[in-house]
Amino acid sequence: MQETIVQPESFVQGLSDYVIKEDAVNTQKTIHQDAFIRGLKARLPAETRDTFTAEQLASLKLAFGTRPWSKHPVDVRTTFKFFRSRYYFVMVAGKGHADDQKRTSELSLFAKAFVKGSLMLIWFTVASILLTFSLYILKSALNIDFFPDFSFGVWDWFQSLFDR
1 MQETIVQPES
11 FVQGLSDYVI
21 KEDAVNTQKT
31 IHQDAFIRGL
41 KARLPAETRD
51 TFTAEQLASL
61 KLAFGTRPWS
71 KHPVDVRTTF
81 KFFRSRYYFV
91 MVAGKGHADD
101 QKRTSELSLF
111 AKAFVKGSLM
121 LIWFTVASIL
131 LTFSLYILKS
141 ALNIDFFPDF
151 SFGVWDWFQS
161 LFDR
């Protein structure tokens, strides 16, 4: 059973914007300048890279260049220039179509997140204890006394390490 993919109208119309001539002087866009085609050619062996006609390249773009999930209710795409570089911003949103395999992996993702969260909590706790200890030693070394006649004994213990 062969599956038929329906191409969005805007994509098919976009392909007609390309000039199917291999004229480098032409000022209109050619299929050879398309980013998808350049990426496709970069992954092909050198001996077959330049053997495709413009019609074949347009057909390859039509076959592989679109995805069935390409239409979104919210589709914001823009580029902006910052100093000498151009940056792009893309925001798409819509209904998720998760398959059964993704649903079964949610438990595995939860377990990974739990382990990572636990390790981060342990790291934060150890770092906090070390920072508190360091600040207490620094306070004691500078002879700052917040509570008169009260000591945890940490400074005395720390000094005894170096009095031997």
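Each residue of the sequence shown is one higher than the one before, counting from 1 in the UniProt record's numbering. Backbone N, C-alpha and C define an ideal beta-carbon position, used for all residues, glycine too. From a predicted model like this one, the values you see are computed outputs, not experimental measurements.
Helix, strand or coil at residue i [DSSP, three-state]
| i | result |
| --- | --- |
| Ser-85 | strand |
| Thr-30 | strand |
| Thr-79 | strand |
| Lys-112 | helix |
| Gly-96 | coil |
| Phe-147 | coil |
| Phe-52 | coil |
| Leu-142 | coil |
| Ser-105 | coil |
| residue 166 | With the chain covering only 1 through 164, there is no way to say anything about residue 166. |
| Leu-119 | helix |
Identity of the residue in the options nearest residue i by Cα
| i | options | result |
| --- | --- | --- |
| Gln-159 | Asp-34, Ala-141, Phe-80, Phe-82 | Ala-141 |
| Leu-56 | Ile-129, Ala-127, Pro-148, His-32 | Just to set this straight, residue 56 is Gln in the shown sequence, not Leu. Out of Ile-129, Ala-127, Pro-148, His-32, His-32 has the C-alpha closest to the C-alpha of Gln-56. |
| Asp-34 | Glu-47, Ala-46, Ala-54 | Ala-54 |
C-beta atoms of residue i and residue j nearer than 9 Å
| i | j | result |
| --- | --- | --- |
| Met-91 | Val-115 | no |
| Trp-157 | Tyr-136 | no |
| Phe-64 | Leu-44 | no |
| residue 165 | Lys-139 | Any question about residue 165 goes unanswered here, given that the chain covers just 1 to 164. |
Contact set for residue i: own chain, Cβ-Cβ below 7 Å, skip 5 residues either direction
| i | result |
| --- | --- |
| Ala-93 | His-72, Pro-73, Val-74 |
| Ala-24 | Summary for Ala-24: the model assigns pLDDT 43, below 50, so the residue's position carries little reliability; its value from the coordinates is reported in the next sentence. Cβ neighbours of Ala-24 beyond the five flanking positions: none. |
Close Cβ partners of residue i (< 8 Å) along its chain, the five nearest in sequence each way excluded
| i | result |
| --- | --- |
| Ile-37 | Ile-31, Leu-57, Leu-60, Lys-61 |
Sequence-distant residues of its chain with Cβ nearer than 6 Å to residue i (five each side left out)
| i | result |
| --- | --- |
| Tyr-88 | Thr-79 |
| Ser-108 | none |
Identified DSSP bridge partners for residue i
| i | result |
| --- | --- |
| Val-154 | Its beta-bridge partners do not exist; DSSP assigns none. |
| Met-91 | Val-76 |
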